[in-house]
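Right, one structure below, let's go through it.
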Amino acid sequence: MKRDLALAPSFLDIHEGRAPHPPVAVLLGWHTLEFDSENGYIRGEMLAREEFLNPAGVLQGGMMCAMLDNAAGLAVMCTLGPGQMAPTLEIKSNFMRPGKPGKFIGEGWIRSQAAGVCFVEARLTTETGQLVATASATARILAR
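Per my numbering, residue 1 is the first one in the sequence shown, and the count goes up by one each step.
In structure tokens form, the structure reads like this:
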């Protein structure tokens with residue numbers, strides 16, 4: 001299904017229920033717990049499902065990276081105005097320990113921003129606060 005980015009809903013449209021969540025957010029079970037649009041911070045829950053496991057029975061690294069990218073991307077997205085988007089240009093993830101199926105907390109925050117480029121960090125913790133993975137990413141703010 002091809003989407004017209006010019007018609008893509010804003011973070012607030014999605015958060016306030018005026019637009020549906022993107023399919024990837026649904027897949028990851030994203031639910032926003034808190035956000036700060038002025039400072040570029042977001043915190044939310046995600047649900048790692050059995051389908052996210054690798055042959056060793058732990059979360060596949062790419063799925064954890066997707067969870068981190070979702071948190072980092074939303075930290076930027078919650079700051080954007082109408083007609084803007086911010087694709088991830090690069091992301092580096094670090095895995096501290098294996099993840100198991102269940103709830104995770106994802107946090108993302110803008111570390112710095114200049115000339116339309118955002119440097120973002122994210123972390124993924126278990127529901128009990130145990131650090132599982134971190135990421136640093138770069139996003140570019142564009143007009144849709």
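We put the CB at the ideal spot given by N, CA and C, even for glycine.
So, does the region 50 to 62 touch the region 78 to 87, judging by three or more C-beta pairs under 8 Å?
Using a Cβ-Cβ distance cut-off of 8 Å, the region 50 to 62 and the region 78 to 87 are not in contact, since fewer than three pairs of beta carbons, one from each stretch, lie closer than that value.
Rounded to whole angstroms, how far is the Cβ of Gly108 from the Cβ of Ala122, which I believe are closer than 8 Å?
Yes, they are in contact, since the Cβ atoms of Gly108 and Ala122 sit about 4 Å apart, within 8 Å.
Drop a sphere of 10 angstroms on the beta-carbon of Asn39, count the other beta-carbons inside from all chains shown, and report buried for 16 or more, exposed for fewer.
Exposed: under 16 other Cβ atoms inside 10 Å.
Selected residue, minimal CA-CA separation from Arg43, among Arg49, Glu50, Met67:
Among Arg49, Glu50, Met67, the Cα nearest to that of Arg43 belongs to Met67.
Can you name the start and end residues of the beta strand (DSSP E) that Met46 belongs to?
That run of the beta strand (DSSP E) goes 41 to 48.
I'd like the list of long-range same chain contacts for Pro82, defined as Cβ closer than 8 Å, with 5 residues on each side in sequence excluded.
Result list for Pro82: Ser10, in chain order.
Report yes or no: do the region 88 to 100 and the region 122 to 135 share at least 3 C-beta pairs separated by less than 8 Å?
In short, these stretches touch, since the Cβ pair count reaches three.
Rounded straight-line distance, which links the Cα of Ala19 to that of Met1:
Any answer about Met1 is weak, because its pLDDT of 47 lies below 50 and its placement is not dependable; what the coordinates show is given next. Cα-Cα distance, rounded: 17 Å.
Can the beta-carbon of Val120 be found less than 8 Å from the beta-carbon of Ala143?
It is not a contact, given that the beta carbons lie outside the stated cut-off.
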